[in-house]
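Single-structure report; data block below.
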Amino acid sequence: MGLGKTLQAISLLSYLKICQKSPGPFLVLCPLSVIDGWVSEVGKFAPQLRLLPYVGEKEHRRTLRGEMHEHVKELSLSSHVPTLPFDVLLTTYDIALIDQDFLSQFPWHYAIIDEAQRLKNPSSVLYNVLREQFVMPRKLLMTGTPIQNNITELWALMHFCMPLIFGTLEHFVSDFKEAGDPSCEDTEKVKEQFKVLKYVLGAFMLRRTKSKLVESGTLSLPPVTEITVCVDNSGNWGHGGLFDALARLSATIPNTYERASEFGDLHLGDLHLIAVTEDHGVSRTSNAPQWAGLAVVQSYNPRRKVPRSSISIADLEVCLAKASFSAAQYSGTVWSLFSIQNTFLLTSGNLTLDFICFCD
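Note that full-length UniProt numbering has the sequence shown beginning at 1, numbered continuously upward.
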């Protein structure tokens with residue numbers, strides 16, 4: 001990660017457009033989470049490329065399609081050569097499926113698939129729609145996920161790019177079945193097949209590793225910092241005095257959630273960090289500080305969602321700092337905020353978590 005794959009891909013598109021005079025169009029498919037990164041990098045390093053982020057709600061995409069149609073119609077009347085209003089169309093996997101009837105009409109000169117591990121299943125809908133419906137004879141797959149010793153997944157990626165060279169799965173598996181079988185006892189044959197496989201892949205794969213970049217001086221990284229945070233698995237919320245202090249300042253978890261929802265919560269995925277003030281009517285011990293507390297609860301109302309963009313990081317940091325102070329009052333342990341960003345990392349996906357990382 002962070003080894004320059006995106007910049008390499010942008011450089012390739014720039015080379016095709018500027019040096020090879022390719023008319024395009026070029027297609028970039030990626031997860032929604034990296035759309036902004038692509039937009040930023042293209043604008044910074046290749047401003048000569050006309051980039052169209054084809055994302056957004058249904059109505060917005062309909063408007064974009066209408067604008068494209070009008071642009072092509074006007075230029076076709078004047079030059080008799082249909083010209084698209086973009087060089088690179090940037091969109092997501094999901095939108096590629098939803099709007100496949102529209103997007104598959106373009107004869108894509110080159111397609112770049114970011115986070116290409118999404119294509120490791122040859123039976124998936126995405127894999128087959130892109131392979132069968134889209135016209136893209138030249139493809140570049142980008143991934144930072146190591147290829148596991150799974151012959152089927154490896155074949156799926158290579159067959160997607162070059163179906164004529166990497167034929168049927170059955171033929172590919174028969175050639176390298178020992179290499180893909182962890183229980184195979186013929187170690188010499190396994191080594192030989194791996195050697196052949198690496199030689200074949202070497203003609204099609206460009207691999208960048210951190211060690212090579214550091215060795216060449218291209219990449220300079222600070223020393224790795226490791227922080228060990230201990231939590232228990234007894235059902236209690238976290239380890240130490242932090243959550244004990246919070247428990248003294250709030251009612252039961254469901255009641256706290258229902259009460260605080262009237263005043264607005266700080267939502268972080270599956271967790272809710274709820275600022276509960278004295279005005280909310282929460283009883284406090286006489287020795288508690290003037291602020292009331294910060295309750296950390298699981299989502300008792302999954303339908304009530306708040307976009308992450310609406311979260312105030314500054315407010316959240318203040319709340320967590322107050323929570324740290326309260327913990328110190330009750331347990332004598334001084335807690336400091338580990339990293340505000342780690343609260344996001346801990347709540348990604350469908351995991352149900354009941355703690356946040358802090359360090360002494």
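Backbone N, C-alpha and C fix where the C-beta goes; we use that ideal spot for every residue, glycine too.
Whole-Å CB distance - residue i paired with residue j, under 8 Å assumed
i       : j       : result
Phe-160 : Lys-139 : 7 Å
Val-196 : Glu-178 : Rounded, the Cβ-Cβ distance is 11 Å, inconsistent with contact.
Thr-92  : Leu-3   : Contact doesn't hold; Cβ gap of about 23 Å is too wide.
Leu-119 : Leu-27  : 14 Å between Cβ atoms; not a contact.
Assigned secondary structure, residue i (DSSP; H/G/I helix, E/B strand, else coil)
i       : result
Glu-19  : Before going on, a small fix: residue 19 reads as Cys here, not Glu. Looking at Cys-19 - three-state DSSP - the assignment turns out to be helix.
Leu-51  : strand
Ile-10  : helix
Phe-45  : helix
His-206 : One point to set straight first is that residue 206 is Leu, not His, in the sequence displayed. Leu-206 falls in the coil class under three-state DSSP.
Leu-3   : coil
Val-224 : coil
Ser-331 : For Ser-331, the predicted model reports a pLDDT of 42, less than 50, meaning its position is unreliable; a value from the coordinates is still stated below. DSSP places Ser-331 in helix when its eight states are reduced to three.
Phe-86  : coil
Phe-172 : helix
Test item: CB-CB of residue i and residue j under 8 Å
i           : j       : result
Gly-24      : Asp-114 : no
Thr-63      : Val-72  : no
Met-142     : Lys-17  : no
Gln-100     : Val-129 : yes
Ile-151     : Phe-176 : yes
Ala-9       : Ile-112 : yes
residue 366 : His-109 : Nothing can be reported for residue 366: it is not among the residues displayed for the chain, which extend from 1 to 360.
Glu-41      : Leu-97  : no
Closest by C-alpha distance to residue i, when choosing among the options
i       : options                            : result
Lys-198 : Ser-40, Phe-45, His-69, Met-158    : Met-158
Ser-11  : Trp-38, Pro-31, Val-34, Leu-32     : Trp-38
Leu-126 : Val-224, Thr-225, Pro-31           : Pro-31
Arg-61  : Ile-35, Asp-36, Ile-95             : Ile-95
Ser-33  : Glu-153, Pro-182, Pro-53, Gln-48   : Pro-53
Trp-155 : Gly-144, Ser-123, Met-136          : Ser-123
Leu-201 : Phe-172, Glu-226, Asp-186, Ser-211 : Phe-172
Ala-116 : Gly-144, Ser-40, Glu-132           : Gly-144
Val-55  : Lys-44, Leu-103, Gly-43, Glu-74    : Leu-103
Glu-153 : Glu-215, Ser-211, Ser-183, Leu-169 : Leu-169
Pro-85  : Glu-215, Gln-20, Leu-51, Leu-164   : Leu-51
Gln-48  : Met-68, Leu-164, Cys-19, Glu-57    : Cys-19
Met-136 : Leu-164, Pro-107, Pro-163          : Pro-107
Ala-203 : His-69, Ile-35, Lys-58, Met-162    : Met-162
Closer than 8 Å to chain D by CB, residue i
i       : result
Arg-131 : Within the model displayed, chain D is absent; a lone protein chain is all it includes.
Check your understanding: What are the start and end residues of each continuous beta strand (DSSP E) run of 3 or more residues lying completely inside the stretch 91–169, in chain order?
Key -> 110–113, 139–141
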